[in-house]
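My numbering puts the first residue of the sequence shown at 491, with every later residue one more than the last.
Ideal placement from N, C-alpha and C gives every residue a C-beta, glycine not left out.
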Amino acid sequence: CCSANSSALLSQNERCAFTTSLHSHIHSSQRGCWIMATKTIKTVVFMGSARDIAPPWGGDSRAGTRMLKHVQSVLASRETKIGEENVKHEVTVFDPLEVFCQGGALEGDGELKSPHFFFGQGQAPPKMDAMRDVIKAADCYVIVTAEYNHSIPPALSSMMGHFGGSNYATKPSGIVTYSPSPWGGCRAAMALRPFLSELGCLPVSKLAHFPDVGGMFEADGTPKDPEHRMLKQLPNMLNELEWMAIAMMNMKEKAGPPPS
């Protein structure tokens, strides 16, 4: 009799163990599916240079076009894992050669005569409103720029400055600079740090500087030497940018933006 009771009890325990194992497997599978979920970051790239003339000693009319195309290519092909999500980028580029030209969102206003926030509700040009909407909806920003007179190109500060800081707030930014010189535009990066901080899109610590941009990249942005050690700067910076973007997105979803 005791032996029969023990067998019955053992069978019951085995059934409980099987049920627990099954539930664990189901939950593990569910977590596995969640881990593989993809989160798309809305990334706005601001191109800093509006140069459109080749120098008398020869070369591109704008060396930064090579740099911009390389950044676009890296962002388009990039997929990284952060925590339990795969992260990809949905990229929009604002280029002053397009934004300030005829038909552009800020047509003819490189001087910043008419910032968006000076228009009354519904009175701004529709294309300017549309540009503002993209900037406001972004999760992070990448600035690609040369240095002009050792500082920020005026086209960049005008383009970004047309829109108030509330559109950029609580989002991170990353800085990519370039130059034909050995310094890679690093002085512009130092000037950009307080500029971006005051707009509210705090720059991440890592920077990407590319000297001799014409020697490093083909016209389409392809690296001439795929093993060049300086190419690692961009993915390293993007690692920080993506981490910060996800952290800020999660916090805003959980608690909303900080009180003003």
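Own chain partners of residue i with C-beta closer than 6 Å, once the 5 adjacent residues on each side are dropped
i	result
residue 724	564 and 698
residue 653	606, 622 and 625
residue 679	665, 667 and 697
residue 659	690
residue 677	637 and 640
residue 759	There is no way to answer for residue 759, as the model of the chain reaches only from 491 to 750.
Cβ of residue i within 9 Å of any chain D Cβ
i	result
residue 588	Looking at the structure shown, chain D is missing, and only one protein chain is on hand.
Test item: CB-CB of residue i and residue j under 9 Å
i	j	result
residue 692	residue 727	no
residue 685	residue 648	no
residue 567	residue 643	no
residue 656	residue 701	no
residue 632	residue 663	yes
residue 707	residue 645	no
residue 635	residue 675	yes
residue 528	residue 582	no
Own chain, CB closer than 8 Å to residue i, minus 5 neighbours either side, in chain order
i	result
residue 732	531, 570, 572, 577 and 630
residue 542	551, 552 and 587
residue 738	629, 660, 661 and 662
Start and end residues, alpha helix (DSSP H) containing residue i
i	result
residue 588	586-589
residue 685	676-689
residue 559	554-567
residue 727	723-745
Contacts around residue i, its chain only, beta-carbon distance under 7 Å, and the 5 residues preceding and following it disregarded
i	result
residue 522	Model confidence at residue 522 stands at a pLDDT of 45, short of 50, so the residue's coordinates are unreliable and nothing is read from them.
residue 609	none
Residue i burial status per 10 Å Cβ neighbour count (16 or more: buried)
i	result
residue 710	exposed
residue 682	buried
residue 661	buried
residue 745	exposed
residue 715	exposed
residue 579	buried
residue 556	buried
Span of the beta strand (DSSP E) around residue i
i	result
residue 663	663-668
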